[in-house]
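Below is one structure, written out as structure tokens; comments come after it.
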Amino acid sequence: MKTLNLTFAFIFATFYSFANVSTSEKEALLAIYNATNGSQWNVTWDLNASVSNWYGVTIENDKVVELNLQFNNLEGELPNEIGSLVNLKKINLGFNKISGTIPSSIQNLEELVNLELFMNRFEGEIPVELGSLTKLESLKLYSNQLTGEIPLSLMDLVNLKELLLGSNFLTGEIPLEISALEKLQKLSLMDNQMYGEIPVELAQLKDLEELLLSTNQFTGDMPMEFLSHQKLNTVMVSDNNLNEEYVTISGKNPPALGVLQIENATATMDIEKE
Numbered sequence: 001m002k003t004l005n006l007t008f009a010f011i012f013a014t015f016y017s018f019a020n021v022s023t024s025e026k027e028a029l030l031a032i033y034n035a036t037n038g039s040q041w042n043v044t045w046d047l048n049a050s051v052s053n054w055y056g057v058t059i060e061n062d063k064v065v066e067l068n069l070q071f072n073n074l075e076g077e078l079p080n081e082i083g084s085l086v087n088l089k090k091i092n093l094g095f096n097k098i099s100g101t102i103p104s105s106i107q108n109l110e111e112l113v114n115l116e117l118f119m120n121r122f123e124g125e126i127p128v129e130l131g132s133l134t135k136l137e138s139l140k141l142y143s144n145q146l147t148g149e150i151p152l153s154l155m156d157l158v159n160l161k162e163l164l165l166g167s168n169f170l171t172g173e174i175p176l177e178i179s180a181l182e183k184l185q186k187l188s189l190m191d192n193q194m195y196g197e198i199p200v201e202l203a204q205l206k207d208l209e210e211l212l213l214s215t216n217q218f219t220g221d222m223p224m225e226f227l228s229h230q231k232l233n234t235v236m237v238s239d240n241n242l243n244e245e246y247v248t249i250s251g252k253n254p255p256a257l258g259v260l261q262i263e264n265a266t267a268t269m270d271i272e273k274e
């Protein structure tokens with residue numbers, strides 16, 4: 001009888017260690033582990049332990065809601081199985097060595113609020129499918145090797161507060177439809193190969209705090225309409241091909257404005273202090 005009880009306890013413990021998440025979620029995590037050289041991570045997973053004890057995995061109500069493996073020496077490609085983690089709200093895989101393309105299966109993560117894949121080696125175009133993640137508030141893809149134009153589908157992310165796509169190889173113009181991102185607070189497209197004029201539509205982003213467009217191929221005049229924004233604190237447009245003429249900024253200084261960087265146009269300030 002005692003032996004039977006011990007056997008039952010062992011089976012129960014084994015079942016319980018994996019019962020806190022679904023089979024599909026566990027298999028998706030294992031696919032990520034295997035595809036990104038998990039045995040060589042800075043902090044690895046004990047695959048015999050409960051998923052709730054795996055480093056960087058947050059579970060709520062038996063669902064995986066966050067995956068944070070930043071600075072953990074992930075190397076390889078992100079597998080399509082990540083799309084099975086349908087309850088994820090936050091993904092942070094920044095500061096790793098992940099290569100390949102961003103899986104379009106991420107479109108399945110409809111609860112996602114934060115998607116942070118910065119400082120990796122992702123290549124190819126930004127998946128059009130990301131535009132279906134309508135709860136997304138932060139999209140950080142900077143410092144990768146992404147190419148192509150900014151998908152118009154991203155302009156459907158109306159809850160977006162941070163759109164950070166700097167330090168890639170993106171081309172094309174800033175979509176005029178960017179005015180639809182009314183909650184946007186930070187926009188960084190710096191250090192790419194984008195061109196065209198800086199659209200005046202940016203002036204419609206009343207919550208904008210940071211506008212970083214340096215080191216591209218933008219031409220034309222520097223629109224000043226958005227400098228009346230009360231929340232704006234940083235504007236950087238240096239190292240572009242803006243018109244080489246004096247730019248006069250007049251009126252009241254936005255209270256938060258701390259950095260104004262204009263290149264290829266000598267800025268003269270006529271600012272009325274509060």
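Numbering (this note's numbering), first residue to last: 1 to 274. Idealized CB from N, CA, C, for every residue including glycine.
Close beta carbons around Asp191, own chain, < 8 angstroms, minus the five adjacent residues each side
Counting only residues of its own chain and dropping the five nearest sequence neighbours on each side, Asp191 has a CB closer than 8 angstroms to the CB of Gly166, Ser167, Asn168, Ser214, Thr215 and Asn216.
Just the C-alpha distance for Leu67 and Glu77, rounded to the nearest angstrom, thanks.
Within the model, the alpha-carbon separation for Leu67 versus Glu77 is close to 16 angstroms.
Would you mind reading off the limits of the alpha helix (DSSP H) that contains Leu29?
Counting along the chain, the alpha helix (DSSP H) containing Leu29 begins and ends at Thr23 to Ala35.
Is Thr36 buried or exposed, if buried means 16 or more other CB atoms sit within 10 Å of its CB?
Label assigned to Thr36: buried.
Using a 10 Å radius around the Cβ and a threshold of 16 neighbouring Cβ atoms, would you call Val128 buried or exposed?
It counts as exposed.
What is the C-beta distance between Leu163 and Leu184, in whole angstroms, given that I count them as a contact (C-beta under 8 angstroms)?
Leu163 to Leu184, Cβ: 6 angstroms. Contact.
State the start and end residues of the unbroken beta strand (DSSP E) segment that holds Glu123.
Note, Glu123: beta strand (DSSP E), Arg121 to Glu125.
Glu111: which of Leu136, Glu125 and Phe122 sits nearest, CA to CA?
Among Leu136, Glu125 and Phe122, the Cα nearest to that of Glu111 is on Leu136.
Nearest residue (CA-CA) to Ala49, options Val113, Lys26 and Ile32
Selection Val113, Lys26 and Ile32 evaluated against Ala49 yields Lys26 as nearest (Cα-Cα).
What does the Cβ neighbour count give for Gly38, buried or exposed, with the cut at 16 atoms within 10 Å?
Under this definition Gly38 is a buried residue.
With a Cβ-Cβ cutoff of 8 angstroms, do Leu170 and Ile150 count as a contact?
In contact: Leu170 and Ile150 (Cβ atoms closer than 8 angstroms).
If I measure Cβ to Cβ from Trp176 and keep anything under 7 angstroms in the same chain, skipping five residues before and after, which residues do I get?
First, the amino acid is wrong: residue 176 is Leu here, not Trp. Taken in chain order, the residues that qualify are Pro199 and Glu201.
State the Cα-Cα distance for the pair Phe18 and Trp45, rounded to the nearest angstrom.
Confidence in Phe18 is poor, its pLDDT being 48 and thus under 50, which makes the residue's placement too unreliable to answer from.
With burial defined as no fewer than 16 other Cβ atoms inside 10 Å of the residue's Cβ, what is the status of Lys140: buried or exposed?
In summary, Lys140 is buried, with 16 or more beta-carbon neighbours lying within 10 Å of its beta-carbon over all protein chains present.
Can you give me the Cβ contacts of Gln70 inside the same chain, cut-off strictly under 6 angstroms, excluding the 5 residues immediately before and after it?
Excluding residues up to 5 positions away in sequence, Asn92, Gly94 and Phe95 lie with their Cβ nearer than 6 angstroms to the Cβ of Gln70 in the same chain.
Along the chain, which unbroken stretches of the beta strand (DSSP E) at least 3 residues long are found entirely within the segment 79 to 162?
Fully enclosed beta strand (DSSP E) runs of 3 or longer: 90 to 92, 97 to 100, 114 to 116, 121 to 125, 138 to 140 and 145 to 148.
According to DSSP, is Gly38 part of a helix, a strand, or is it coil?
Helix at Gly38.
Near Gln193, which residues of its chain fall below 8 angstroms by C-beta distance, leaving aside the five closest residues on each side in sequence?
A distance below 8 angstroms between beta-carbons, with the five flanking residues on each side excluded, links Gln193 to the following residues of its chain, in chain order: Phe169, Leu170, Thr171, Asn216 and Gln217.
Among Ser188, Gly83 and Asn53, which has the Cα closest to the Cα of Glu209?
Among Ser188, Gly83 and Asn53, the Cα nearest to that of Glu209 is on Ser188.
Is it buried or exposed for Ser228, if we count other Cβ within 10 angstroms and need 16 for buried?
Using a 10 angstroms sphere on the CB of Ser228, the tally of other CB atoms stays under 16, which defines it as exposed.
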